[in-house]
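K.L.:
Here it is, the structure in full.
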Amino acid sequence: MTATPDTPPRFRPRPWIHLETPQDVELWIAEHDQAMQELIKPQETGYGICFTLAEGGNIYMQTAEDAVVLDVDDDAAWIAPLIVAATGAEIPRGAYWLLPADRLVQLIIGLSSLVASTTLVVGHRFGSRGRMRIG
Numbered sequence: 003m004t005a006t007p008d009t010p011p012r013f014r015p016r017p018w019i020h021l022e023t024p025q026d027v028e029l030w031i032a033e034h035d036q037a038m039q040e041l042i043k044p045q046e047t048g049y050g051i052c053f054t055l056a057e058g059g060n061i062y063m064q065t066a067e068d069a070v071v072l073d074v075d076d077d078a079a080w081i082a083p084l085i086v087a088a089t090g091a092e093i094p095r096g097a098y099w100l101l102p103a104d105r106l107v108q109l110i111i112g113l114s115s116l117v118a119s120t121t122l123v124v125g126h127r128f129g130s131r132g133r134m135r136i137g
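The sequence shown runs contiguously to residue 137 in the numbering used here.
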């Protein structure tokens, strides 16, 4: 089914609830994994979560067993120092961040107070605007 301007979005933003502890984050991760397993079709690619920041901009996140991929849009570039502080990563040349999977909990805790909502996404071209490996 092709989306038209009159077609409502498939996924709607969900208001963010501030997460303060690693246990809060682990529960959030489990809930979103379950939602993605139920709602994302096997043939779909570019799936993940869009964090809409209260102060402006979006961060698109995709996870794998060994990595966390972030695509930070231009309006959210201001968040880069926080990502560095939370994960120990270096700022990439582009908008594409590749972090070790073991940094996910710290990243979510660091972002938590700045997120307004999250939305499941499909078809996002992660890293299409520039790539640099962060380790």
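C-beta: ideal position from N, C-alpha, C; glycine also.
#1: Can at least three beta-carbon pairs, one atom from the stretch 116-127 and one from the stretch 11-21, be found at a separation below 8 angstroms?
#2: For P17, does the count of other Cβ atoms within 10 angstroms reach 16, so buried, or fall short, so exposed?
#3: Measuring alpha carbon to alpha carbon, tell me which residue in L100, L113, L29 and D76 is nearest L84.
#4: What does M63 pair with, by DSSP beta-bridge criteria?
#5: Give me the Cβ distance between F128 and D73, rounded to the nearest whole Å; I'm assuming they're in contact under 8 angstroms.
#6: Would you be able to state if there are at least three C-beta pairs under 8 angstroms between the stretch 61-78 and the stretch 33-53?
#7: Counting only the same chain and skipping the five closest in sequence on each side, list residues whose C-beta sits under 6 angstroms from that of T121.
#8: Output needed for A78: all residues of its chain with C-beta closer than 8 angstroms, excluding positions within five of it in sequence on either side, in chain order.
#9: Please classify P94 as buried or exposed, where buried requires at least 16 other C-beta atoms within 10 Å of its C-beta.
#10: According to DSSP, is A97 part of a helix, a strand, or is it coil?
#11: Apart from the five residues just before and just after R133, which ones in its own chain have a Cβ nearer than 7 angstroms to its Cβ?
P.N.:
For this structure:
#1: yes
#2: As a first step, residue 17 is located in the sequence shown; it is residue number 15 there, counting from the start. Classification for P17: exposed.
#3: Taking the first residue of the sequence shown as 1, we reach residue 84 at position 82. With distances taken between Cα atoms, L84 lies closest to L113.
#4: Translated into positions along the sequence shown, residue 63 becomes position 61. According to DSSP, which records beta bridges pairwise, M63 is partnered with I51 and L72.
#5: Position 126 of the sequence shown holds residue 128. Position 71 of the sequence shown holds residue 73. At roughly 5 angstroms, the Cβ-Cβ gap stays under 8 angstroms, so F128 and D73 are in contact.
#6: yes
#7: By 1-based counting over the sequence shown, the position of residue 121 is 119. Around T121: F13, P15 and C52.
#8: Counting from 1 along the sequence shown, the entry for residue 78 is found at position 76. Closer than 8 angstroms at the Cβ level, and outside the excluded window around A78, lie L55, G58, G59, N60 and I61.
#9: Taking the sequence shown and counting its residues from 1, one reaches residue 94 at position 92. Result: buried.
#10: Within the sequence shown, the letter at position 95 stands for residue 97. Note: A97 maps to coil in three-state DSSP.
#11: Within the sequence shown, the letter at position 131 stands for residue 133. Residue placement at R133 cannot be trusted, given a pLDDT of 37 that sits under 50; the coordinates are not used to answer.
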